[in-house]
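Last residue of the sequence shown: 344 in my numbering, with the numbers rising by one and none dropped. All C-beta atoms in this analysis are idealised placements derived from N, C-alpha and C, irrespective of residue type, glycine included.
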Amino acid sequence: MKRVLTAVALIPVVLLLVFKAPLWLYALVVAAIILLTLHEYLGIAEAAGIKPFHGLTYAVGILPILLFFLHSIIEWQEAGQHLKWSYPVEFPLLRSLWILLVLAPVIFGIPLVFRKDLRGGLASSAASTFGVIYIAASLSLLIELRALSSENILIPFVLFSVWGGDIAAYYVGRTIGKHKLAPIVSPNKSWEGALASVVASVAIAFVVFHFTPQLSGYFADNSRHPTYGDLLLRYFSARSMPQPWHILAIGILTNVAAQFGDLFESALKRGAGVKDSGTLLPGHGGMLDRIDALLFAVPVVWYYANLTGFLQP
Numbered sequence: 032m033k034r035v036l037t038a039v040a041l042i043p044v045v046l047l048l049v050f051k052a053p054l055w056l057y058a059l060v061v062a063a064i065i066l067l068t069l070h071e072y073l074g075i076a077e078a079a080g081i082k083p084f085h086g087l088t089y090a091v092g093i094l095p096i097l098l099f100f101l102h103s104i105i106e107w108q109e110a111g112q113h114l115k116w117s118y119p120v121e122f123p124l125l126r127s128l129w130i131l132l133v134l135a136p137v138i139f140g141i142p143l144v145f146r147k148d149l150r151g152g153l154a155s156s157a158a159s160t161f162g163v164i165y166i167a168a169s170l171s172l173l174i175e176l177r178a179l180s181s182e183n184i185l186i187p188f189v190l191f192s193v194w195g196g197d198i199a200a201y202y203v204g205r206t207i208g209k210h211k212l213a214p215i216v217s218p219n220k221s222w223e224g225a226l227a228s229v230v231a232s233v234a235i236a237f238v239v240f241h242f243t244p245q246l247s248g249y250f251a252d253n254s255r256h257p258t259y260g261d262l263l264l265r266y267f268s269a270r271s272m273p274q275p276w277h278i279l280a281i282g283i284l285t286n287v288a289a290q291f292g293d294l295f296e297s298a299l300k301r302g303a304g305v306k307d308s309g310t311l312l313p314g315h316g317g318m319l320d321r322i323d324a325l326l327f328a329v330p331v332v333w334y335y336a337n338l339t340g341f342l343q344p
């Protein structure tokens, strides 16, 4: 019951933030989620006997978002305009994050020299670097997707895909699931549930992309709430629906990535002897337990959209 009540309370809040929050608030929420999730991840690493660099991991994880805010503030001052948040295309979050990751041996290597206990030094540096890639890089992509009008539809898509896939896997797995998917990592998951999850995600993909003009009208960059006439006009004037094979492909890839994201986090916890990543969300465990599927799904969605350009008019 706690799990259901938590989901009922959180889903409207998440959708309100996705569609209606101004970009600065949305970016702050993403930064907060990154910090919370990194905290739980580092706790799992410590339970596994690793001593990661906590402070540096937090700092590197949110630094690209802080640079995004700084860049926007400098632009305002130079232009002398009223405060208006817009995503600077010439300053993509992902690029700045990859620059930091190239410097990871320096960032997480120098502090190791000053540790008194050097045992497990490689594991410490590796765990911190991986945490930035696994959590911060993935979630930072949500800001870029939200800011670009051509790709913001991908956020509700990936959320609905993960949620719908989870529900389908749970109920089908409980009803007819007989063949274990990954018995060591997650004994309750079945191949039947996994297949049902894929089917549900593909169906959701077709629905979401069919109604892209309508859903796009609800994002905060619109000056007013769209009327029925506005939606009708957008429906007939907007770009055509993506080709079915693109929708099928992104539906399958997103779901498979999400399921492996869930299994991967379960593997981390089992390896560390931890049941839940935290206790923040009643019935769900911690933040990492709730968004583990998204951490694999979001990069897959982002790369597929940018490599294929299937959303471009």
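So what does residue i bridge to, in DSSP terms?
| i | result |
| --- | --- |
| A213 | S217 |
| G86 | Bridge partners of G86: none, in fact. |
Assuming the contact rule is C-beta atoms closer than 8 Å, residue i and residue j should be a hit. Round their C-beta distance to whole Å, please.
| i | j | result |
| --- | --- | --- |
| S308 | E77 | About 12 Å; that fails the 8 Å criterion. |
| F139 | S156 | 4 Å |
| I65 | L299 | That belief does not hold up - the Cβ atoms of I65 and L299 are roughly 17 Å apart, past 8 Å. |
| S192 | N337 | Contact flag wrong, Cβ pair sits at about 18 Å. |
| A251 | P53 | 6 Å |
| V332 | L185 | 5 Å |
| S169 | L128 | Not really, about 10 Å apart at Cβ, beyond 8 Å. |
| I278 | F237 | 6 Å |
| L94 | L46 | Rounded, the Cβ-Cβ distance is 28 Å, inconsistent with contact. |
Could you pull the start and end residues of the alpha helix (DSSP H) that residue i belongs to?
| i | result |
| --- | --- |
| M318 | M318 to T339 |
| S228 | W222 to H241 |
| D197 | L185 to I207 |
| K306 | Careful: K306 lies outside any alpha helix (DSSP H) and carries neither H nor E. |
| V163 | No alpha helix (DSSP H) contains V163, which DSSP labels as neither H nor E. |
| F139 | A135 to V144 |
| I64 | L54 to A78 |
Short check: CB of residue i to CB of residue j, under 8 Å?
| i | j | result |
| --- | --- | --- |
| L73 | P142 | no |
| A58 | I164 | no |
| A158 | A303 | no |
| F188 | V239 | yes |
| G248 | I166 | no |
| S221 | G204 | yes |
| I281 | Y335 | yes |
| Y89 | L69 | yes |
| S217 | L326 | no |
| V60 | L48 | yes |
| D323 | G292 | yes |
| I96 | A62 | yes |
| L342 | P273 | yes |
Is there contact here, the region 196 to 208 with the region 171 to 180, by at least three beta-carbon pairs under 8 Å?
-> no
Below 8 Å, can you find three or more Cβ-Cβ pairs linking the region 146 to 154 to the region 208 to 215?
-> no
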